[in-house]
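Undergrad: One structure, as structure tokens, below. Some questions next.
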Amino acid sequence: MEPISPKSSCKKRSRNKEELEAKLSSLGKCVIDLRMNDNRSTFLSILEKKGKKFRLSLHKMFLHASDNVLEAVIRFCVDQDKSSLRLIKAYAEKEYSDGRYHRPVALSSCIHQGKTYNLKEIFEEVCIQYFQKILPIHITYFRRPLYKKISGVTFGTFDYSRNLIRINALLDDPFYPRYFVAFVIYHEILHYIYPVQQKSQKRIVHGKPFREMEKKFVDFVGAKQFEKKLLTQMISRIKYVRT
Ligand SMILES: [Zn+2]
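What follows is the structure, encoded as structure tokens:
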């Protein structure tokens, strides 16, 4: 498929679920069966794909998404097009940033203690060492791969709408050195310090100040080497993504 055209309609309109299903089906020339959700971490997931039939779970924010966002949803589902995912994520972040879908984090739902690492402990150490205070961020393990089947492994994510760092429970293993887990947490904290910037058509996630600050991590070189080694091991099997 062609890349998303900037000339596509950006006009927003509100639809109900059936109208959205019909719109997506017509855009993709396929059959879309929708489940609407209000789950931040899985705002888009492909539940089932059979030929030209897709069963999708979409966040309710897509009920009023513009046509070009919906085109991106279709391109992502049909072609697994990465640039479409970027556009979809930018849309979701923007929707969340206005607080409309803000849901407070239930502390009881945060899992800190793993078999190998206590995330809160490492998070607080990193905060004190680099920021001289405990930052108002929550942290938890997650056990499901985000964007499964598409992006492979995600070690950590930062949820702007909740100030929540999610760390893949895969890292709760002595195979992953403690300094590496600390580095992933540090990286996610930097997303809190340096929020995503939108400059005209460009979305800057890891800007220059972010990258400079990232290098101040005491084990930066070692962490990057470990990451590179992992990448080499994993690349033949799955794609590797860390946000
Ligand atoms: Zn990142």
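Residue numbering for the sequence shown follows the numbering used here, starting at 25 and increasing by one per position.
Backbone N, C-alpha and C fix where the C-beta goes; we use that ideal spot for every residue, glycine too.
Can you find a heavy atom of ligand 1 that lies under 7 Å from the Cβ of residue 208?
TA: False, no ligand heavy atom lies under 7 Å from that Cβ.
Undergrad: Pick helix, strand or coil for residue 88, following the three-state DSSP scheme.
TA: Residue 88: helix per DSSP, three-state reduction.
Undergrad: In the DSSP assignment, the alpha helix (DSSP H) including residue 211 goes from what residue to what residue?
TA: Start and end: 202-217.
Undergrad: How about residue 162: is its Cβ closer than 7 Å to a heavy atom in ligand 1?
TA: Checking every heavy atom of ligand 1 against the Cβ of residue 162, none is found closer than 7 Å.
Undergrad: Measure the alpha-carbon distance for residue 83 versus residue 66 and round it to whole angstroms.
TA: Between residue 83 and residue 66, the C-alpha separation is close to 8 Å.
Undergrad: Going along the chain, which residues of its own chain have a beta-carbon closer than 7 Å to the beta-carbon of residue 8, five neighbours each way excluded?
TA: Lying outside 25 to 267, the shown extent of the chain, residue 8 is not represented and no answer is given.
Undergrad: With distances taken from CA atoms, which of 227, 196 and 231 is nearest residue 211?
TA: Of the listed residues, the one whose Cα sits closest to residue 211 is 231.
Undergrad: Quick one: is the Cβ of residue 177 within less than 7 Å of any heavy atom of ligand 1?
TA: Flag unset: Cβ of residue 177 not near ligand 1.
Undergrad: Within 7 Å: the Cβ of residue 205 and any heavy atom of ligand 1?
TA: No, since every heavy atom of ligand 1 falls outside the 7 Å radius drawn around the Cβ of residue 205.
Undergrad: With 16 as the cutoff for other CB atoms within 10 Å, does residue 152 come out buried or exposed?
TA: The residue is exposed, with fewer than 16 neighbouring Cβ atoms inside 10 Å.
Undergrad: Please classify residue 141: does DSSP put it in a helix, a strand, or coil?
TA: Coil, per DSSP.
Undergrad: Quick one: what does DSSP say residue 154 is sitting in, helix, strand or coil?
TA: Looking at residue 154 - three-state DSSP - the assignment turns out to be helix.
Undergrad: Check whether the Cβ atoms of residue 162 and residue 186 lie closer than 8 Å to each other.
TA: Cβ atoms of residue 162 and residue 186: closer than 8 Å.
Undergrad: Going by Cα to Cα distance, which pick from 193, 69 and 206 is closest to residue 167?
TA: Nearest of 193, 69 and 206 to residue 167, Cα basis: 193.
Undergrad: Bridge partners for residue 71 per DSSP, in chain order?
TA: DSSP, once it has assigned bridges, lists no residue as partnering residue 71.
Undergrad: Indicate the three-state DSSP secondary structure (helix, strand or coil) for residue 223 in the structure shown.
TA: Strand, per DSSP.
Undergrad: Starting from the Cα of residue 254, find the closest Cα among 236, 244, 177 and 226 and give me that residue.
TA: When each option's Cα is compared against that of residue 254, the closest is 177.
Undergrad: On the CB-based measure, 16 or more other CB atoms within 10 Å of its CB, does residue 103 come out buried or exposed?
TA: Classification for residue 103: exposed.
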